[in-house]
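S.K.: Numbering (my numbering), first residue to last: 1 to 446.
Every residue gets a Cβ at the ideal spot worked out from N, C-alpha and C, and that includes glycine.
#1: Looking only at DSSP bridge pairs, what is residue 248 linked to?
#2: From what residue to what residue does the alpha helix (DSSP H) around residue 67 run?
#3: Starting from residue 177, follow its DSSP beta bridges and name the residues at the other end.
#4: What residue does the alpha helix (DSSP H) around residue 228 start on, and which one ends it?
#5: Which residue's Cα is closest to the Cα of residue 375: 365, 408 and 361?
#6: Mind checking residue 341: buried by the 16 CB within 10 Å criterion, or exposed?
#7: Please classify residue 27: is it buried, with 16 or more other beta-carbons within 10 angstroms of its beta-carbon, or exposed?
#8: Tell me whether residue 305 is buried or exposed, calling it buried when 16 or more other Cβ atoms sit within 10 Å of its Cβ.
#9: Excluding the 5 residues flanking residue 66 on each side, which residues of the same chain have their C-beta closer than 7 Å to its C-beta?
#10: Under a three-way DSSP split, which group does residue 221 fall into?
#11: Could you pull out every residue in the same chain whose Cβ sits closer than 6 Å to the Cβ of residue 260, ignoring the five residues on either side in sequence?
#12: Between residue 386 and residue 378, how many whole angstroms is the CB-CB distance? I'm expecting something under 8 Å.
#13: Which residues in the same chain as residue 309 place their Cβ atom closer than 7 Å to its Cβ, once the five residues preceding and following it in sequence are excluded?
#14: DSSP state of residue 15, grouped into three classes?
#15: Got a sec? Which residues, its chain only, sit under 7 Å from residue 37 by beta carbon, not counting five neighbours each side?
#16: List the DSSP bridge partners of residue 5.
#17: Alpha carbon to alpha carbon, what distance is there between residue 86 and residue 424?
#18: The beta strand (DSSP E) that contains residue 129, what's its start and end?
#19: Count the other CB atoms within 10 Å of the CB of residue 355; is the residue buried (16 or more) or exposed (fewer)?
#20: Using a Cβ-Cβ cutoff of less than 6 Å, which residues in the same chain neighbour residue 365 once the five nearest sequence positions on both sides are dropped?
#21: Given that a residue counts as buried once 16 or more other Cβ atoms are within 10 Å of its Cβ, and exposed if not, what is residue 389?
#22: Would residue 239 pass as a contact of residue 165 if the rule is Cβ separation under 8 Å?
#23: Comparing C-alpha positions only, which one of 280, 102, 174 and 225 sits nearest to residue 142?
#24: According to DSSP, is residue 93 part of a helix, a strand, or is it coil?
#25: Which residues mark the beginning and the end of the beta strand (DSSP E) in which residue 183 is found?
#26: Report the rounded CA-to-CA distance for residue 352 versus residue 275, giving the unit in angstroms.
#27: Just list the residues that DSSP pairs residue 86 with in beta bridges.
#28: Is the Cβ-Cβ distance between residue 434 and residue 79 less than 8 Å?
#29: Within 8 Å, do at least three Cβ pairs link the segment 154-172 to the segment 241-258?
#30: I'd like to know if the segment 99-110 and the segment 9-25 are in contact, where contact means that at least 3 CB-CB pairs between them fall below 8 Å.
#31: So residue 367 is in the alpha helix (DSSP H); what residue range does that whole segment cover?
#32: What would DSSP say about residue 435, mapped onto helix, strand or coil?
#33: Take residue 73 as the anchor and find which of 288, 52 and 1 has the nearest alpha-carbon.
#34: Let me check one thing: in DSSP terms, what residues is residue 109 bridge-paired to?
#35: Pull up the distance between the alpha-carbon of residue 162 and that of residue 231, whole angstroms please.
#36: Could you check the C-alpha separation between residue 91 and residue 350 for me, to the nearest Å?
If you want it as structure tokens, here you go:
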């Protein structure tokens, strides 16, 4: 194996690598001998097919495998010998005629191009200082959370016949749906309670019942969404003959011991304690999120080094794909919606650069203190992810077991949080009590 450096500019490196055809021939013979015991051909005893016959029958195919293996092995050796930490997948360009190489007529020559991880010294976390915002859950927080629970458990009572239905009221209705004058399966119900504004019916249905009174009969015309689950109805216009039986007003459930039992609690006191504990957890999570943002901001300020262009471009591509998706769906925030594509791309390019820079800094800081992720931590992360897909937990776990890249993506956030933990443990942290409003002031997390 011969290695010649062709380029060393900034973070870019390229090498000319040459493997003599004689070395390839030796590896081919070794591969054939390794295969011989398993080869079965008609006319020969199992494992007794002559190597010359195997070479004649499968030599070209085997040599293709040999070339792939040699390129992979020599690439890794060249990177290791030159102390290169690749920032992404190296690029391989075969220079010799591929057919001549696989036929053993030419040396294997290729150009290896790679971008490297920049060399830099990360800041010592012991020199950093941060203020951690904290607050405690009080009775007001608990009462507010209980009120939300009560609203979710509200009961509906019949209103006067003259009452007009409004948003958040419920209507008791009979309806029959027709398409082109013909009734369709699943299009009729009697005594159905529908909460107006809940969004549980076909878009446009609930809005047309606003202002209706008990005894009203009306035709509600809607169009089924193109992605409606019943394909035979998707995109079609339907008319629902609707009769309003009652208009009902909602009232929050009474917060008492019976209410608490609906949530599996013995009494109201136990429910209040559970809600208080949950609120404390949410406040602690928000406090950590704020502190983490402050840490990332400081790390970004403290480090300046050249970034691997391919890493920045890959990160930007991921971000921009999401921006395009939000743009098509009309979900861009108001500020971004006013910007030109040129301005948007410039802004998100800076975000991509920040993310790559911080990723490299956190990785280097973690390496310095030998942060590791245990198999148990990975297993817990996989189980947590699987729980997001009820009924498909086993398929999710099998997916991770079969896809190393997916596990790598699962490792990244775990590793990041462990590095953040190390920084919090090492840096000087001063706690500052604030009110809930200040703790939950929005930040532009990137």
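M.R.: Considering the structure as presented:
#1: DSSP, once it has assigned bridges, lists 158 and 170 as partnering residue 248.
#2: 51-81
#3: In the DSSP assignment, the residues bridged to residue 177 are 240.
#4: Where residue 228 is concerned, there is no enclosing alpha helix (DSSP H), given that its DSSP letter is neither H nor E.
#5: 408
#6: That one is exposed.
#7: buried
#8: exposed
#9: Cβ neighbours of residue 66 beyond the five flanking positions: 24, 27, 28 and 31.
#10: Residue 221 falls in the strand class under three-state DSSP.
#11: 267, 268 and 271
#12: About 13 Å separates the two Cβ atoms, so there is no contact after all.
#13: Cβ within range, chain order: 115.
#14: strand
#15: 47
#16: 15
#17: Spanning the two alpha carbons is a distance of roughly 30 Å.
#18: 129-134
#19: buried
#20: Cβ neighbours of residue 365 beyond the five flanking positions: 122 and 419.
#21: exposed
#22: no
#23: 280
#24: strand
#25: 182-195
#26: 39 Å
#27: 116
#28: no
#29: With a cut-off of 8 Å on Cβ pairs, the segment 241-258 is in contact with the segment 154-172, counting three or more such pairs.
#30: yes
#31: 341-368
#32: Per DSSP, reduced to three states, the secondary structure at residue 435 is coil, with no helix or strand assignment.
#33: 1
#34: 18
#35: 40 Å
#36: Using only the alpha carbons, I get a separation of about 26 Å.
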